[in-house]
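Each remark here refers to the structure printed beneath this line.
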Amino acid sequence: MIDTIATPGEFTQRWMDPPNFYLAPHLRPFRFTLPRALEILDVIRNDDEVRFTLLGDLDPGIRSTRTRAFRQAPVEEVAQWPFRLVHFHLARFYDDLLAGFQEEVMIPWRTFLSAHGFTWQRCSPLLFLSGPGGHSTYHTDQSHGLVWQIEGAKTFHSYYAPEEVMSAAAAIRCESTGEHPPLHDARTVQAVRMGPGDLLWSHVLTPHWVTGDTTLSMSVNLSHGGLARQGRFAQREQVLRDHWDKHPDEPWLTDLRNARY
Numbered sequence: 152m153i154d155t156i157a158t159p160g161e162f163t164q165r166w167m168d169p170p171n172f173y174l175a176p177h178l179r180p181f182r183f184t185l186p187r188a189l190e191i192l193d194v195i196r197n198d199d200e201v202r203f204t205l206l207g208d209l210d211p212g213i214r215s216t217r218t219r220a221f222r223q224a225p226v227e228e229v230a231q232w233p234f235r236l237v238h239f240h241l242a243r244f245y246d247d248l249l250a251g252f253q254e255e256v257m258i259p260w261r262t263f264l265s266a267h268g269f270t271w272q273r274c275s276p277l278l279f280l281s282g283p284g285g286h287s288t289y290h291t292d293q294s295h296g297l298v299w300q301i302e303g304a305k306t307f308h309s310y311y312a313p314e315e316v317m318s319a320a321a322a323i324r325c326e327s328t329g330e331h332p333p334l335h336d337a338r339t340v341q342a343v344r345m346g347p348g349d350l351l352w353s354h355v356l357t358p359h360w361v362t363g364d365t366t367l368s369m370s371v372n373l374s375h376g377g378l379a380r381q382g383r384f385a386q387r388e389q390v391l392r393d394h395w396d397k398h399p400d401e402p403w404l405t406d407l408r409n410a411r412y
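Each residue of the sequence shown is one higher than the one before, counting from 152 in our numbering.
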């Protein structure tokens with residue numbers, strides 16, 4: 152079960168506290184059509200900062216061959232492989248592949264946040280692509296995320312009461328990181344099916360994992376580091392800020408985000 156937030160007032164009331172929620176389509180202040188996932192995959196796989204992982208119990212020879220061929224094989228073939236891909240620096244493509252994204256997505260979204268009393272240290276887009284059956288790791292993010300499903304479908308798994316599963320302090324220590332989620336009671340899990348156009352708010356430092364469908368899937372996560380409203384942080388983020396006050400070197404080592412997707 153998941154709530155849908157339909158007004159700015161509801162968003163300002165709910166943004167801090169789990170569980171996750173949908174944003175109604177009309178609440179989104181931007182309209183932008185990205186290139187098809189296949190086109191983005193074909194371009195972005197050649198960028199030095201792309202992170203690509205083959206999944207499944209592949210024969211070592213096949214895994215090695217596909218890893219070497221990732222950039223050169225026909226993109227239609229690559230799209231059939233079980234894989235996950237992430238890129239954290241989409242601004243590198245604002246002049247060509249993603250022309251208009253800054254003006255038509257990021258500026259309207261930041262303006263929406265600012266108009267409703269929010270401040271932040273970082274608000275940037277991350278790209279996620281996966282092949283058939285692709286899945287993320289089990290992890291937490293040191294940021295709130297607005298997950299925008301663009302193409303294909305996936306299921307976003309988190310918990311109705313994440314504090315009962317993992318404290319913010321444990322999440323900061325990366326105790327949630329693993330290829331698969333631990334054993335859990337299915338009744339405690341909020342499993343959200345996402346199709347094209349769906350928007351999901353994912354809370355800071357809450358353990359989660361994503362499972363893919365049988366087709367190529369693409370989403371963009373608008374990631375918010377240091378998000379506050381009228382000077383107030385979410386409770387789990389406040390634990391993170393207090394930790395960083397005691398360990399001021401750590402934010403710059405992690406660049407304010409979890410890179411273990």
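Glycine included, every Cβ here is placed at the ideal spot set by N, Cα and C.
Taking every protein chain shown into account, the CB of glycine 296 has 16 or more other CB atoms within 10 angstroms, so this residue is buried. Nearest neighbour of serine 374 by Cα position, chosen from Thr365, Val390, Arg392 and Val355, turns out to be Val355. Comparing alpha-carbon positions, the option among Pro169, Pro170, Tyr245 and Arg179 lying closest to threonine 158 turns out to be Arg179. Counting only the Cα atoms, glutamate 330 lies some 7 angstroms from serine 287. Look at glutamate 401 here: in three-state DSSP terms it is helix.
Segment contact: the segment 385-393 against the segment 311-324, three or more CB-CB distances shorter than 8 angstroms; contact assigned. Around alanine 304, the same chain offers Gly346 and Asp364 as residues with beta carbons nearer than 6 angstroms, after the five sequence neighbours per side are excluded.
Residue Pro186 holds the alpha-carbon nearest to the alpha-carbon of phenylalanine 244 among Phe221, Pro186 and Trp260. Under the 8 angstroms Cβ criterion, the segment 254-271 does not count as touching the segment 213-227, having fewer than three qualifying pairs. Going by DSSP, glutamate 302 is part of the beta strand (DSSP E) stretching over 295-302.
If you draw a 10 Å sphere on the C-beta of alanine 266, you find fewer than 16 other C-beta atoms in it, and that means exposed. A direct Cα-Cα distance of roughly 28 angstroms separates glycine 268 from threonine 184.
Excluding the 5 residues flanking it on each side, proline 276 has same chain C-beta neighbours closer than 6 angstroms at Leu241, Val371 and Leu373, in chain order. Distances from the CA of threonine 204 to each of Pro169, Ser281 and Gln164 were compared; the closest alpha carbon is that of Ser281. DSSP lists Arg235 as the bridge partner or partners of threonine 204.
Ranked by Cα distance from phenylalanine 172, the first of Leu351, Thr328, Gln164 and Asp396 is Leu351. Its Cα nearest to that of alanine 188, the residue Phe279 stands out among Glu254, Phe279 and Ala220. Inter-segment contact for the segment 331-340 and the segment 229-236 is absent: fewer than three beta-carbon pairs are separated by less than 8 angstroms. Taking all protein chains in view, the Cβ of glutamate 200 is surrounded by fewer than 16 other Cβ atoms within 10 Å, so the residue is classified as exposed. Between threonine 328 and the set His290, Ala342 and Ser318, the nearest pair of CA atoms involves His290. Nearest to serine 318 by alpha-carbon distance, out of His177, Asp396 and Thr357, is Thr357. In the three-state reduction of the DSSP assignment, arginine 187 falls in the coil class.
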